[in-house]
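Chains as they are written, first to last, in UniProt numbering: chain X, 1 to 226; chain W, 1 to 226.
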């Protein structure tokens, strides 16, 4: 099948979604109607649909049809981590990047967070403490949510998209995060971050996050030396 | 076709590539051999291959076969920009992110750049000046290359992957970059960035890039107000 014909068809479908303002979670017209409407053959159309599914632009719900995906075309593995061979270097480089980004993000969150977001951030901080006390691994997922929510509260689309990906990527290392001292530091500094955001104090939020990132980076360097 | 069977097959193919250390640009065994080897049906196998192509992990060369892609699984549209409706907000947010990242990146480039990279950075800076003098649009592409090369010279995998994507995304706005004063500023500050990297001076590289990013952000805000 001609590859550029398939590509043109994916473009046509994307245009169709935009022009008809079909929102994430809404259903696409059925195959027959849409392929006729766009004037493309059925097999080309199906191939284009498969590609849009793998690009997270569409999703199939079994027995129900094809929908515009809530992922809105964002890649689940944008950095190609699946294929990266030197993962330790990659993760170390991510930590360096977080060190630069997250203090700025916390500062913006102190300015832009909604009251609802502040409540949620506080709640997550408490749940992380409970997971530490219980000695389970829930804190790994919760910590990603905590930082992702702060990124969302920054009201910057680039941060709110990039940070969850970075944090998910490096989370496999947090599972080794058993150092009791490090946990105590984390509890203390998470509380400070929460307080600063709640008090709408950008500088304090920035500084607390900077200390947090420094501690994380030190812990990571210690870990890879073992 | 069962979707999870296809997913399992994509995972198997990825494992096969890694275990056999097939490098980017190298060829995959033919369909018959590999599908037999992995013990999966031909139609499932083909579907998995199509998905890996759309994920930039594999690529087809017409009449030659299937190869491991040089893109190494990195998404060409990781931010899902295709689907973003408020592009001005997105680009404004990207500028804010660049403002935080690029000075740090320039600082690292002053430490880690190879002599060859320094020559290339200098060359690109001169080519940008020539494009400004000639009054053509080449400087848009050249500017992306200039900043991407500095990111690469930082020796940080996260920066060297993320910054080219961000800069490409916002480049459409640079086409409106006709302000003669802004061009003069750019020429001057690009030269300063080059000199600081060449002199292995991280602080000067950081500061020159910070001034550059500030000027860019001011120019962008002026542009969207028009």
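All residues carry an ideal CB built from backbone N, CA and C; glycine is no exception.
Since this is a predicted model, take the numbers as computed values, not measurements.
Using C-beta distances below 8 Å, list every residue in its chain close to residue 25 of chain X, excluding the 5 sequence neighbours before and after it, in chain order.
Excluding sequence neighbours, residue 25 of chain X sits near 67, 68 and 70.
Whose C-alpha, out of X/28, X/20, X/146 and X/35, is nearest the C-alpha of residue 9 of chain X?
Considering only alpha carbons, the answer is X/35.
Taking only the alpha-carbon atoms, compute the straight-line gap between residue 136 of chain X and residue 73 of chain W and give it to the nearest angstrom.
Going by the C-alpha atoms only, they are around 34 Å apart.
Would residue 125 of chain W and residue 170 of chain W be called neighbours here (beta carbons separated by less than 9 Å)?
It is not a contact, given that the beta carbons lie outside the stated cut-off.
Is it true that the region 208-215 of chain W meets the region 93-107 of chain W, where meeting means three or more beta-carbon pairs spaced less than 8 Å apart?
Short answer: they touch.
Buried or exposed: where does residue 224 of chain X fall if 16 or more other Cβ atoms within 10 Å of its Cβ makes it buried?
Counting Cβ neighbours within 10 Å, residue 224 of chain X comes out exposed, since fewer than 16 surround it.
Does any residue of chain X bring its CB to less than 9 Å from the CB of residue 94 of chain W?
Yes, residue 94 of chain W counts as interfacial toward chain X.
Is the shortest distance between the beta-carbon of residue 223 of chain W and the beta-carbons of chain X less than 9 Å?
Answer no: the Cβ-Cβ gap between residue 223 of chain W and chain X never drops below 9 Å.
Beta-carbon within less than 6 Å of residue 95 of chain W's beta-carbon, same chain only, minus the 5 sequence neighbours each way: which residues are those?
Correct list, in chain order: 217 and 220.
Which value, in whole angstroms, describes the spacing of the CA atoms of residue 14 of chain W and residue 148 of chain X?
Cα-Cα distance, rounded: 29 Å.
Could you tell me which residues DSSP puts in a beta bridge with residue 66 of chain X?
In the DSSP output, where bridge partners are listed per residue, residue 66 of chain X has X/60.
Shorter than 9 Å from the beta carbon of residue 67 of chain X to some beta carbon of chain W?
With 9 Å as the cut-off, residue 67 of chain X does not count as an interface residue toward chain W.
Whole angstroms are fine: how far does the CA of residue 181 of chain W sit from the CA of residue 83 of chain X?
Rounded to whole angstroms, residue 83 of chain X to residue 181 of chain W spans 44 Å at the Cα level.
Does the Cβ of residue 186 of chain W have 16 or more other Cβ atoms within 10 Å, making it buried, or fewer, making it exposed?
That one is buried.
Is it buried or exposed for residue 108 of chain W, if we count other Cβ within 10 angstroms and need 16 for buried?
It is buried - the Cβ of residue 108 of chain W has at least 16 other Cβ atoms within 10 Å.
Using a Cβ-Cβ cut-off of 8 Å (strictly less than) and excluding sequence neighbours within five positions of residue 6 of chain X, which residues of its own chain qualify?
Closer than 8 Å at Cβ, skipping near neighbours: 44, 47, 48 and 51.
What residue ranges within the region 176-208 of chain X form continuous alpha helix (DSSP H) runs of no fewer than 4 residues, ordered along the chain?
With a minimum length of 4 residues, the continuous alpha helix (DSSP H) runs that stay inside the region 176-208 of chain X are 180-198.
Using a Cβ cut-off of 9 Å (strictly closer), state whether residue 42 of chain X contacts chain W.
Closer than 9 Å: no.
Residues of chain W with CB closer than 7 Å to the CB of residue 213 of chain X, please, in chain order.
Residues of chain W passing the Cβ test: none, with the nearest at roughly 13 Å.
For the alpha helix (DSSP H) containing residue 36 of chain W, name the first residue and the last one.
31-37 is the span of the alpha helix (DSSP H), which, as asked, contains residue 36 of chain W.
Going by other Cβ atoms of all chains shown within 10 Å of its Cβ, with 16 needed for buried, is residue 27 of chain W buried or exposed?
It is exposed - the Cβ of residue 27 of chain W has fewer than 16 other Cβ atoms within 10 Å.
At least one CB of chain X closer than 9 Å to the CB of residue 57 of chain W: is that the case?
True, the Cβ-Cβ gap to chain X drops below 9 Å.
Could you check whether residue 150 of chain X and residue 189 of chain X sit closer than 9 Å to each other, using their CB atoms as the reference points?
Result no, Cβ atoms of residue 189 of chain X and residue 150 of chain X do not sit closer than 9 Å.
Cα-Cα, which of X/132, X/61, X/164 and X/195 is closest to residue 179 of chain X?
When only C-alpha atoms are compared, the closest one is X/132.
Helix, strand or coil: how does DSSP classify residue 126 of chain W here?
Correct three-state label for residue 126 of chain W: helix.
Which stretch, first to last residue, makes up the alpha helix (DSSP H) that contains residue 227 of chain X?
Within the shown structure, residues of chain X are numbered from 1 to 226, placing residue 227 of chain X beyond reach of any answer.
List the whole-angstrom C-beta distance separating residue 157 of chain W from residue 89 of chain X, where the pair is believed to meet the contact cut-off of C-beta under 8 Å.
The Cβ separation is near 6 Å, so the contact holds.
Can you list the residues of chain W that residue 159 of chain X reaches, using a CB-CB cut of under 7 Å?
Under the 7 Å cutoff, chain W gives 97.
According to a CB-to-CB cut-off of less than 8 Å, which residues of the region 104-118 of chain W neighbour chain X?
Correct list: 104.
Between residue 18 of chain X and residue 87 of chain W, what straight-line distance do the alpha-carbon atoms span, to the nearest angstrom?
The straight-line gap from Cα to Cα measures roughly 13 Å.
Quick one: Cα of residue 195 of chain W to Cα of residue 130 of chain W, how far?
Taking the straight line from one Cα to the other gives about 18 Å.
Do you know offhand how far residue 162 of chain W's Cα is from residue 42 of chain W's?
Going from the Cα of residue 162 of chain W to the Cα of residue 42 of chain W covers about 37 Å.
Under a three-way DSSP split, which group does residue 225 of chain W fall into?
Of the three classes helix, strand and coil, the one that applies to residue 225 of chain W here is helix, per DSSP.
If contacts are defined as beta-carbon pairs under 8 Å, then residue 239 of chain X and residue 201 of chain X qualify, I think. What distance do you get, rounded to the angstrom?
Given that chain X is displayed from residue 1 to residue 226, the structure contains no residue 239 of chain X and the question cannot be resolved.
Any Cβ of chain X within less than 9 Å of the Cβ of residue 122 of chain W?
It does not: the Cβ of residue 122 of chain W has no partner Cβ on chain X nearer than 9 Å.
Can you list, in chain order, the residues of its chain with a C-beta nearer than 7 Å to that of residue 205 of chain W? Leave out the 5 residues immediately preceding and following it.
Here the set comprises 106, 107, 109, 110, 193, 196 and 197.
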